[in-house]
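Report on the structure given below.
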Amino acid sequence: MIEGLRALFGGRILVEVGDITDFRGDAIVNAANSGLLGGGGVDGAIHRAAGNELLEACRRLRAGTLREGLPPGQAVMTPGYALAVKAVIHAVGPIWMDGKSGERKTLRAAYENSLAIAAEAGFRDIAFPAISTGVYGYPKKLAAVDSHAAVLGFLSRSALPERAHLVFFARTDAKIFLDALAEAGVGPP
Ligand code: ADP
69 MIEGLRALFG
79 GRILVEVGDI
89 TDFRGDAIVN
99 AANSGLLGGG
109 GVDGAIHRAA
119 GNELLEACRR
129 LRAGTLREGL
139 PPGQAVMTPG
149 YALAVKAVIH
159 AVGPIWMDGK
169 SGERKTLRAA
179 YENSLAIAAE
189 AGFRDIAFPA
199 ISTGVYGYPK
209 KLAAVDSHAA
219 VLGFLSRSAL
229 PERAHLVFFA
239 RTDAKIFLDA
249 LAEAGVGPP
């Protein structure tokens with residue numbers, strides 16, 4: 069079950085808590101790694117819930133157009149297989165180094181390129197995990213400001229997707245997100 073916590077930007081950005089593999093809508097975004105062949109965290113959960121066909125689809129991408137893997141900041145779509153969504157959009161976030169290695173630009177690109185794929189596919193509802201904030205070590209408050217800016221910017225320019233659902237696994241992470249926006253003066257208190 070995914071629980072709604074807060075609606076921002078006239079209901080087009082929704083802050084939610086739960087397991088993203090439970091999402092019912094058009095697509096979920098996977099915080100993938102460049103190899104695309106699965107991993108831990110949300111990536112592992114998505115592959116387990118989607119079934120082996122997802123891994124096979126990713127293997128085909130690696131054998132075809134993505135021989136070198138998917139570079140950080142980019143995104144690619146596969147079907148959703150056993151998930152309750154049409155598609156999985158695999159996006160590669162930055163590994164946090166020192167904050168001076170293009171991490172912020174790369175995180176924004178990962179969100180924007182995912183949204184562009186969703187818009188092109190005609191999707192209305194897409195769900196994001198908090199890309200790069202787990203094993204990749206991106207500071208959560210900064211990720212809040214940067215992901216929100218990327219999503220808000222894109223949705224301001226595009227009617228599709230209609231809604232971006234930001235799904236946090238932990239309630240405490242959703243709170244960090246909302247508090248960071250309030251502190252930065254870009255969201256409601
Ligand atoms: P990254 O390598 O991009 O940091 P992780 O999977 O390690 O990716 O973590 C990204 C975020 O996804 C973390 O905030 C983590 O709590 C969250 N997460 C892990 N599992 C799930 C899940 N099933 N649904 C939603 N979010 C999840």
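Start counting the sequence shown at 69; every next residue gets the next number (the numbering used here).
A virtual CB, placed ideally from N, CA and C, is assigned to each residue, including glycine.
Treat the numbers as computed from the prediction; the structure is a model and nothing was measured.
Per DSSP, what are the beta-bridge partners of residue i in this structure?
i	result
residue 155	95, 147
residue 72	84
residue 216	According to DSSP, which records beta bridges pairwise, residue 216 is partnered with nothing at all.
residue 163	DSSP output for residue 163 lists no bridge partner at all.
residue 194	95, 232
residue 100	160
Residue i and residue j: beta carbons closer than 8 angstroms?
i	j	result
residue 114	residue 89	yes
residue 194	residue 147	no
residue 178	residue 155	no
residue 163	residue 182	no
residue 244	residue 212	yes
residue 130	residue 137	yes
residue 196	residue 234	yes
residue 209	residue 241	no
residue 106	residue 123	yes
residue 226	residue 252	no
residue 246	residue 74	yes
From the options, pick the residue whose C-alpha is nearest to that of residue i; which is it?
i	options	result
residue 160	118, 124, 111	111
residue 236	170, 153, 91	91
residue 220	74, 125, 69, 80	80
residue 269	136, 227, 167	With the chain covering 69 to 257 only, the question about residue 269 has no answer from this structure.
residue 224	73, 78, 74	78
residue 103	86, 84, 125	125
residue 149	170, 138, 96	96
residue 100	145, 74, 187	145
residue 250	76, 70, 72, 188	76
residue 169	186, 87, 140	140
residue 171	205, 189, 121	205
Applying the criterion that 16 or more other CB atoms from any shown protein chain within 10 Å of the CB defines a buried residue, is residue i buried or exposed?
i	result
residue 94	buried
residue 203	exposed
residue 200	buried
residue 152	exposed
residue 84	buried
residue 120	exposed
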